[in-house]
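K.L.:
Chain order of the listed sequences is A and B.
For the first sequence, the UniProt record's numbering begins at 1 and goes up steadily by one.
For the second sequence, the UniProt record's numbering begins at 1 and goes up steadily by one.
Before I ask anything, here is the structure I am working with.
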Amino acid sequence: MEEQTKVAEKSEKSGFNFKKFISKLGPLVALIILIILVTALSPGFIQPSNLLNLLRQVSINAVIAFGMTFVILTGGIDLSVGSILALTGAVTASMLASGTSAIIALLVGFLMGGLLGFLNGVLIAYGKAAPFIATLATMTIFRGATYVFTNGNPITGAKMNNSFLFQFMGRGYLLGIPVPIFIMAIVYLILYVLLHKTTFGRKTYALGGNEQAAYIAGVKTKIVTMWIYTISGLMASLAGIILTSRLSSAQPDAGTSYEMDAIAAVVLGGTSLAGGKGRIFGTLIGALIIGTLNNGMNLLGISSFYQQIVKGIVILIAVLLDRRSSND
Amino acid sequence: MKIEMKNISKAFGTNKVLEGVNFTVQSGEVHALMGENGAGKSTLMNILTGLYSDDGGEIYVDGKQTQFNGPLDAEQHGISFIHQEMNNFLEMSVVDNMFLNKEIKNKFGIMNESKMREQARFYLDKLGTKIDVDKPIGTLSVGRQQMIEIAKSLMTDAKIIIMDEPTAALTENEIAQLFEVVRDLKKQGVGFIYISHRMEEIFEIADKVTVMRDGISINEYSTEDVNMKQLVKDMVGREIGDFYPDRNPHFGKVSLEVQHLSEKGVFNDVNFQVHEGEILAFSGLMGAGRTEIMRSIFGIDPHNEGKILIDGKEVHIHSPQEAIKNQIGFLTENRKDEGLILNDSLRDNIALPSIGGFVKHGIIDDKSVNDFTNMLMKRLTVKAQSADVSAGSLSGGNQQKVVLAKWVGSGSRVLILDEPTRGVDVGAKREIYDLMNELTDRHVAIIMISSDLPEVLGMSDKIAVVYEGKITGIVDTKTATQESVMTLATGGSNDGRTN
Numbered sequence: 001m002e003e004q005t006k007v008a009e010k011s012e013k014s015g016f017n018f019k020k021f022i023s024k025l026g027p028l029v030a031l032i033i034l035i036i037l038v039t040a041l042s043p044g045f046i047q048p049s050n051l052l053n054l055l056r057q058v059s060i061n062a063v064i065a066f067g068m069t070f071v072i073l074t075g076g077i078d079l080s081v082g083s084i085l086a087l088t089g090a091v092t093a094s095m096l097a098s099g100t101s102a103i104i105a106l107l108v109g110f111l112m113g114g115l116l117g118f119l120n121g122v123l124i125a126y127g128k129a130a131p132f133i134a135t136l137a138t139m140t141i142f143r144g145a146t147y148v149f150t151n152g153n154p155i156t157g158a159k160m161n162n163s164f165l166f167q168f169m170g171r172g173y174l175l176g177i178p179v180p181i182f183i184m185a186i187v188y189l190i191l192y193v194l195l196h197k198t199t200f201g202r203k204t205y206a207l208g209g210n211e212q213a214a215y216i217a218g219v220k221t222k223i224v225t226m227w228i229y230t231i232s233g234l235m236a237s238l239a240g241i242i243l244t245s246r247l248s249s250a251q252p253d254a255g256t257s258y259e260m261d262a263i264a265a266v267v268l269g270g271t272s273l274a275g276g277k278g279r280i281f282g283t284l285i286g287a288l289i290i291g292t293l294n295n296g297m298n299l300l301g302i303s304s305f306y307q308q309i310v311k312g313i314v315i316l317i318a319v320l321l322d323r324r325s326s327n328d
Numbered sequence: 001m002k003i004e005m006k007n008i009s010k011a012f013g014t015n016k017v018l019e020g021v022n023f024t025v026q027s028g029e030v031h032a033l034m035g036e037n038g039a040g041k042s043t044l045m046n047i048l049t050g051l052y053s054d055d056g057g058e059i060y061v062d063g064k065q066t067q068f069n070g071p072l073d074a075e076q077h078g079i080s081f082i083h084q085e086m087n088n089f090l091e092m093s094v095v096d097n098m099f100l101n102k103e104i105k106n107k108f109g110i111m112n113e114s115k116m117r118e119q120a121r122f123y124l125d126k127l128g129t130k131i132d133v134d135k136p137i138g139t140l141s142v143g144r145q146q147m148i149e150i151a152k153s154l155m156t157d158a159k160i161i162i163m164d165e166p167t168a169a170l171t172e173n174e175i176a177q178l179f180e181v182v183r184d185l186k187k188q189g190v191g192f193i194y195i196s197h198r199m200e201e202i203f204e205i206a207d208k209v210t211v212m213r214d215g216i217s218i219n220e221y222s223t224e225d226v227n228m229k230q231l232v233k234d235m236v237g238r239e240i241g242d243f244y245p246d247r248n249p250h251f252g253k254v255s256l257e258v259q260h261l262s263e264k265g266v267f268n269d270v271n272f273q274v275h276e277g278e279i280l281a282f283s284g285l286m287g288a289g290r291t292e293i294m295r296s297i298f299g300i301d302p303h304n305e306g307k308i309l310i311d312g313k314e315v316h317i318h319s320p321q322e323a324i325k326n327q328i329g330f331l332t333e334n335r336k337d338e339g340l341i342l343n344d345s346l347r348d349n350i351a352l353p354s355i356g357g358f359v360k361h362g363i364i365d366d367k368s369v370n371d372f373t374n375m376l377m378k379r380l381t382v383k384a385q386s387a388d389v390s391a392g393s394l395s396g397g398n399q400q401k402v403v404l405a406k407w408v409g410s411g412s413r414v415l416i417l418d419e420p421t422r423g424v425d426v427g428a429k430r431e432i433y434d435l436m437n438e439l440t441d442r443h444v445a446i447i448m449i450s451s452d453l454p455e456v457l458g459m460s461d462k463i464a465v466v467y468e469g470k471i472t473g474i475v476d477t478k479t480a481t482q483e484s485v486m487t488l489a490t491g492g493s494n495d496g497r498t499n
């Protein structure tokens, strides 16, 4: 019997390495190949100014996708992030436009995102609603609320641009590097530690791997679930603040279909939609792949209609590769 | 019909699973196939039914060399395989499940439901079972579903039926009923290949037995000419000594006491106590409420009345976290659904309930977690290459040890073990029994739910028997017999009820 066990482990090990390669290094290899390809076709891509521009473009999607990673690791989904972004952005903008101090306006907008995410969490953990359905509903409600709140018009105003702090968030530079990139990096570090170094992270994985087993092992599954959707909401509102600052205005239709880009980044990064498997590093790479595709195709002058087709195909290839590695 | 498998070998990659296996079965006999997990029984059966192709050897059906293209082909030639996991569609009706992919329909593709119902009833009647064929199959007991599987086999006119661990989830009464059906079909000329871990059953039902070990068929016997000791020796390749280790318990003070615990419609006025160092077995039929009582004590399910006392002090447990805080551990009956996170590493599984204790300044101290899991894996003799392999890659026995390690590690002083040796092979069973003894030597109190009567009698100090949600008696194991426990478990009378 011992021999049997050994044999089983051996095959496990060799399979493990292949899986490890695909799920951990696969996305990174894909990104590098993509960068080489784009650079070859359009040398301007590799210019520092363009790379900084790319990272700034990526930051909004990446921040949302970092939060989405936690949600997807539990086997859930959060479709409401785009609407949370719009609603909190509008609230922040209107407070600024009416002369509220920037610190308060930004803090209220940010925390409001957490509150809306918390609401999702309550619906899912205590209302036992399926995450897809619950967040589909709140996505629609929050979007509607944004239209009601803004009357369907963009919110702008001279007072908005009086605030240095507000402008700094989306348009500022620090040491020659756009501030959104710093925000993305800080958020990444915080969430990386939270996911991989704290008990909260372990519980997130356990919840996604087997909720019932996690519960019996003493994990407060409902509370963890609520926190995870709260984090997703906070990330959406943070992205909303960056976007509103970038545009100097809050658009009622801002963030439409951002949830799809965030989900795509998570999936491209090798995180399983079934939950329990994945890493936040993968999501960063996934977001960079999407950003590189967008940026590269823009440089190459490819029409945005074709860009969507290409993006879709890339996601399909990634998913098929992932399925092959996990079925093996 | 006679099937002869000669010199069958099979390798998956470089991993040789079968190396020259011989096996013969014919109509009208029950031939048991025994062996530990990983011995190659399932692979052999999958080769017979054509799911895998063999790398060497021949299969003869009635003297003619044959190779089936797949399970469907085998079925059409009269060989049907009833898997351990029945893969039923629980929401669909009995008749829909029975006719799945074999629907009777007219040339326009419209199904003839009345005819399917009629046939389903015909075959179920043949087995002497009354089952409402319009009920969703998930509402029936596992024993009933097993009968439906047999009816399905008969529907395909099976001459040889392969049964893989058919009794694993059946109650004593259901087993008796199953055996009656098997004997009856045997008389009608059906042959059976019967895969099982349970010794008692082999001697009760099988005519012949073949033992496999490490991909080789060791011996074939007539059941009359062999004893249990020899079979165990063949299976593990060594003598195991007595199947159950000696128990020399030293009881301390009362560790857990339950008073008047009730939950409407589930269990009623449950009273018992278990001492430090004691193993209290919970016996009874499946569905009697044993598991439900334990789930309530552990805080998974509620109770409306009663008290739980730990060390004489009343505690209020409404969730597993509170149970764990009170140093209770719970090995659930279904380790794949509730005990383990199969994709996660052994380390993450073992450390999960204790993880809060390894945090320094909010960050998990990975080194301490490593030391902790390595120590536990060593102590509980978990056989794995490292703590990094996934829990799903281990054998049943080793998985069970991982679950035990988890609860030993969380500092459990009361351990509830629900069917601790289900789906565990003989060698690992003995190791789990030894561990139970080791734990009680360290003053842990153990509550063991088991449907395996010899195990209950072999491994406990006291036996609480549950019947329809009530404890009908707590007896001293020394004076108990299978009959006395069974009598209590069936409400005091053996009227042959099923379900």
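Ideal placement from N, C-alpha and C gives every residue a C-beta, glycine not left out.
Compile a chain-ordered list of the residues in the stretch 436-454 of chain B whose CB is closer than 9 Å to at least one CB of chain A.
P.N.:
none
K.L.:
Name the residues in the stretch 210-238 of chain A whose C-beta lies less than 8 Å from a C-beta of chain B; which are they?
P.N.:
Asn210, Gln212, Ala213, Ala214, Tyr215, Ile216, Ala217, Gly218, Val219, Lys220
K.L.:
Can you list the residues of chain C that Leu256 of chain B reaches, using a CB-CB cut of under 8 Å?
P.N.:
Looking for chain C here will not work: the only protein chains present are A and B.
K.L.:
Given that Glu338 of chain B touches chain A, what residues does it touch there, using C-beta distances under 7 Å?
P.N.:
Taking the second sequence and counting its residues from 1, one reaches residue 338 of chain B at position 338. Under the 7 Å cutoff, chain A gives Gln212, Ala213, Ile216.
K.L.:
First and last residue of the alpha helix (DSSP H) that includes Lys470 of chain B?
P.N.:
Reading the second sequence from its first residue, position 470 is the one you call residue 470 of chain B. Looking at the DSSP string, Lys470 of chain B is not in any alpha helix (DSSP H); the run it does join, the beta strand (DSSP E), is 470-476.
K.L.:
Taking C-alpha atoms, which residue in B:Leu18, B:Met459, B:Lys41 lies nearest to Asp55 of chain B?
P.N.:
The residue given as residue 55 of chain B occupies position 55 in the second sequence. Comparing Cα positions, the closest option is B:Leu18.
K.L.:
Just to confirm my understanding: we take Trp227 of chain A, look at its own chain, exclude 5 residues before and 5 after, and list those with CB closer than 8 Å. What are they?
P.N.:
Translated into positions along the first sequence, residue 227 of chain A becomes position 227. Around Trp227 of chain A: Gly121, Phe200.
K.L.:
Beta-carbon of Arg202 of chain A versus every beta-carbon of chain B: anything under 8 Å?
P.N.:
The count along the first sequence starts at 1 and reaches residue 202 of chain A at position 202. Judged by the 8 Å Cβ criterion, Arg202 of chain A is in contact with chain B.
K.L.:
Just the Cα atoms here: how many angstroms apart are Met212 of chain B and Ser153 of chain B?
P.N.:
Within the second sequence, numbered from 1, the residue matching residue 212 of chain B stands at position 212. Within the second sequence, numbered from 1, the residue matching residue 153 of chain B stands at position 153. Straight-line Cα distance between these residues: approximately 26 Å.
K.L.:
CB Ala387 of chain B to CB Ser354 of chain B, shorter than 8 Å?
P.N.:
As a first step, residue 387 of chain B is located in the second sequence; it is residue number 387 there, counting from the start. As a first step, residue 354 of chain B is located in the second sequence; it is residue number 354 there, counting from the start. No, the Cβ-Cβ distance between Ala387 of chain B and Ser354 of chain B is not below 8 Å.
K.L.:
Across the stretch 442-460 of chain B and the stretch 272-279 of chain B, are there enough close Cβ pairs to call them in contact, namely three or more that are closer than 8 Å?
P.N.:
yes
K.L.:
Is there contact between the stretch 65-76 of chain A and the stretch 220-239 of chain A, where contact requires at least three CB pairs shorter than 8 Å?
P.N.:
yes
K.L.:
Using a Cβ cut-off of 9 Å, pull out every chain A residue sitting near Lys406 of chain B, in sequence order please.
P.N.:
The residue given as residue 406 of chain B occupies position 406 in the second sequence. Ordered by position in chain A, the residues that pass the 9 Å Cβ test against Lys406 of chain B are Ala217.
K.L.:
According to the neighbour-count rule (16 or more other Cβ atoms, all chains shown, within 10 Å of its Cβ), is Thr204 of chain A buried or exposed?
P.N.:
Reading the first sequence from its first residue, position 204 is the one you call residue 204 of chain A. It counts as buried.
K.L.:
According to DSSP, simplified to helix, strand and coil, what is Gly170 of chain A?
P.N.:
Locating residue 170 of chain A in the first sequence gives position 170, counting from the first residue. In the structure shown, Gly170 of chain A sits in a helix (DSSP, three-state: H, G or I).
K.L.:
I'd like the list of long-range same chain contacts for Glu220 of chain B, defined as Cβ closer than 6 Å, with 5 residues on each side in sequence excluded.
P.N.:
By 1-based counting over the second sequence, the position of residue 220 of chain B is 220. Excluding residues within five positions, the ones whose Cβ falls inside 6 Å are Thr210.
K.L.:
So does the stretch 80-91 of chain A actually touch the stretch 103-114 of chain A, counting three or more Cβ pairs closer than 8 Å?
P.N.:
When C-beta atoms of the stretch 80-91 of chain A are compared with those of the stretch 103-114 of chain A, three or more pairs fall below 8 Å, so the two segments count as touching.
K.L.:
Classify Asp425 of chain B: buried if its beta carbon has 16 or more other beta carbons within 10 angstroms, exposed otherwise.
P.N.:
For this step, residue 425 of chain B is matched to residue 425 along the second sequence. Per the 10 Å Cβ criterion, buried.
K.L.:
Going by DSSP in three states, Asp164 of chain B sits in which element: helix, strand or coil?
P.N.:
On the second sequence, position 164 is the one that residue 164 of chain B refers to. Correct three-state label for Asp164 of chain B: strand.
K.L.:
Can you give me the start and stop residues for the beta strand (DSSP E) that Asn15 of chain B sits inside?
P.N.:
By one-based count along the second sequence, residue 15 of chain B stands at place 15. Run containing Asn15 of chain B: 15-26, per the beta strand (DSSP E) assignment.
K.L.:
On the premise that Met86 of chain B lies in contact with Pro136 of chain B, defined as a C-beta separation below 8 Å, what is that separation, rounded to the nearest angstrom?
P.N.:
Position 136 of the second sequence, counted from the first residue, corresponds to residue 136 of chain B. Position 86 of the second sequence, counted from the first residue, corresponds to residue 86 of chain B. 14 Å between Cβ atoms; not a contact.
K.L.:
Please identify the residue among B:Asn268, B:Leu309, B:Leu124, B:Gly306 whose C-alpha is closest to the C-alpha of Ala288 of chain B.
P.N.:
Here the question's residue 288 of chain B lines up with position 288 in the second sequence. Nearest option by C-alpha distance: B:Asn268.
K.L.:
Does Ser11 of chain A have its Cβ less than 8 Å from a Cβ in chain B?
P.N.:
Counted from its first residue, the first sequence places residue 11 of chain A at position 11. Per-residue confidence for Ser11 of chain A stands at a pLDDT of 42, beneath the threshold of 50, marking its modelled position as unreliable; no derived number is given.
K.L.:
Given a threshold of 16 other Cβ atoms within 10 Å of its Cβ, counted over all protein chains shown, does Lys401 of chain B qualify as buried or as exposed?
P.N.:
Looking up residue 401 of chain B in the second sequence gives position 401. It counts as buried.
K.L.:
Leaving out five residues before and five after Thr66 of chain B in sequence, what residues of the same chain have Cβ atoms less than 6 Å from its Cβ?
P.N.:
For the purposes of this step, residue 66 of chain B is taken as residue 66 along the second sequence, with counting starting at 1. Here the set comprises Ile59.
K.L.:
Three-state secondary structure (DSSP) at Met1 of chain B?
P.N.:
Against the second sequence, residue 1 of chain B aligns to sequence position 1. Note: Met1 of chain B maps to coil in three-state DSSP.
K.L.:
Taking a cut of 8 Å between CB atoms, which residues from the stretch 113-126 of chain A lie near chain B?
P.N.:
Listed in sequence order: no entries.
K.L.:
Given that Gln321 of chain B touches chain A, what residues does it touch there, using C-beta distances under 7 Å?
P.N.:
As a working note, residue 321 of chain B is residue 321 in the second sequence. The contacting residues are Gly218, Lys220.
K.L.:
Checking contacts by CB at 8 Å: is Gln4 of chain A closer than that to chain B?
P.N.:
As a first step, residue 4 of chain A is located in the first sequence; it is residue number 4 there, counting from the start. The predicted position of Gln4 of chain A is uncertain, since its pLDDT is 42 and thus under 50; no value can be drawn from it.
K.L.:
Ignoring anything shorter than 4 residues or poking outside the stretch 403-443 of chain B, list the alpha helix (DSSP H) runs there in chain order.
P.N.:
426-441
K.L.:
Smallest Cα separation from Asp164 of chain B: which of B:Lys105, B:Thr171, B:Ile150, B:Thr156?
P.N.:
Taking the second sequence and counting its residues from 1, the one referred to as residue 164 of chain B is at position 164. Per the Cα distances, B:Ile150.
K.L.:
In angstroms, rounded to a whole number, what distance separates the CA positions of Ser196 of chain B and Asn227 of chain B?
P.N.:
Within the second sequence, numbered from 1, the residue matching residue 196 of chain B stands at position 196. Within the second sequence, numbered from 1, the residue matching residue 227 of chain B stands at position 227. So the alpha carbons of these two residues sit roughly 16 Å apart.
K.L.:
Start and end of the beta strand (DSSP E) containing Thr210 of chain B?
P.N.:
Working through the second sequence from its first residue, we reach residue 210 of chain B at position 210. Its beta strand (DSSP E) spans residues 208-213.
K.L.:
For Ala206 of chain A, which residues in chain B fall below 8 Å Cβ to Cβ?
P.N.:
In the first sequence, residue 206 of chain A corresponds to position 206, counting from 1. Those within 8 Å of Ala206 of chain A in chain B are Ile341, Asp344, Asp348, Leu352.
K.L.:
Pick out whichever of B:Gln385, B:Thr167, B:Phe203, B:Asp418 has its Cα sitting closest to the Cα of Phe298 of chain B.
P.N.:
By 1-based counting over the second sequence, the position of residue 298 of chain B is 298. Comparing C-alpha distances from Phe298 of chain B to each of B:Gln385, B:Thr167, B:Phe203, B:Asp418 shows the shortest one belongs to B:Asp418.
K.L.:
Using the Cα positions of Ser42 of chain A and Gly286 of chain A, report the straight-line distance between them to the nearest angstrom.
P.N.:
Stepping through the first sequence from its first residue, residue 42 of chain A is reached at position 42. Stepping through the first sequence from its first residue, residue 286 of chain A is reached at position 286. Going by the C-alpha atoms only, they are around 21 Å apart.
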